[in-house]
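With my numbering as the guide, the letters of the sequence shown map in order to residues 141 to 309.
We treat Cβ as the ideally placed atom computed from N, Cα and C, and that holds for glycine.
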Amino acid sequence: MDDAGFWRIVAEACGADPRRADEWDGLLQSRLEQLAPDEIVEWNRIFDRLAAWAYTVDLWGAAYLINGGASDDGFYYFRCWLIGMGKDVYEAAIQDPDSLADAAVPGIDAEAEIYAAAHQAWMAVTGRPDTDPYPARIEKAELLGEEWDYDDDEEVRRRLPRLAALYLD
């Protein structure tokens, strides 16, 4: 499994449709169940790496604005959503979180709980119970960037002007 294969599976399962994010987990699990166990584990490792790369202060600010708040768990679900939106949206947001103004839909939370799809698919394919150790380990990520106050509307407008125009005005 390489990055291109990872993103192909995301595109096939999730389709970058934020209105269907609540369906992504099941769709992704079904798609991953078509793979060999070692490919599922490698897909999961790529997922974890991408989620860690998106662990930035400015993306957290975008999540906070889009979703009307973002706890630690909420920001993780946001990063899952970001991955589910596909390679182009993900890479653009990594470079410029304000680019999410083109992807987010006001009134629809930018969250997805796809984090367990690979583990569930691995158990289904291997027949192993949840109590067996899963071979993919999640590495703890360090939050990158200089912290700022997500409740300061002036700062939000300065850092995320396009998103602010959608969500603050």
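Among the options, the one whose alpha carbon lies nearest that of residue i
i    : options                : result
F215 : G226, D178, E231, W193 : W193
L300 : A258, E152, W200       : W200
V265 : L175, K280, A151, Y230 : L175
A281 : L240, W183, P158, Y195 : Y195
A203 : G226, V181, V245, I149 : V245
S211 : A304, Y290, G155       : Y290
I149 : G226, Q235, A233, W262 : G226
Sub-9 Å separation of residue i and residue j beta-carbons
i    : j    : result
L168 : I248 : no
F146 : F187 : yes
A151 : S170 : no
V229 : E286 : no
A241 : P158 : no
I180 : A258 : yes
G224 : A156 : yes
W262 : N184 : yes
Segment limits, alpha helix (DSSP H) that includes residue i
i    : result
Y204 : 197-207
S170 : 164-172
P177 : 177-193
K227 : 227-235
M141 : Where M141 is concerned, there is no enclosing alpha helix (DSSP H), given that its DSSP letter is neither H nor E.
R299 : 293-299
L283 : Here L283 belongs to no alpha helix (DSSP H), and DSSP marks it neither H nor E.
D213 : 212-224
V265 : 257-266
Residue i versus residue j - alpha carbon distance
i    : j    : result
D178 : L172 : 11 Å
D162 : A256 : 13 Å
D238 : G267 : 43 Å
G166 : L283 : 29 Å
Inter-residue CB distance, residue i and residue j (contact presumed, cutoff 8 Å)
i    : j    : result
V296 : L222 : Wrong, their Cβ atoms sit about 18 Å apart, outside the cutoff.
A252 : W164 : 5 Å
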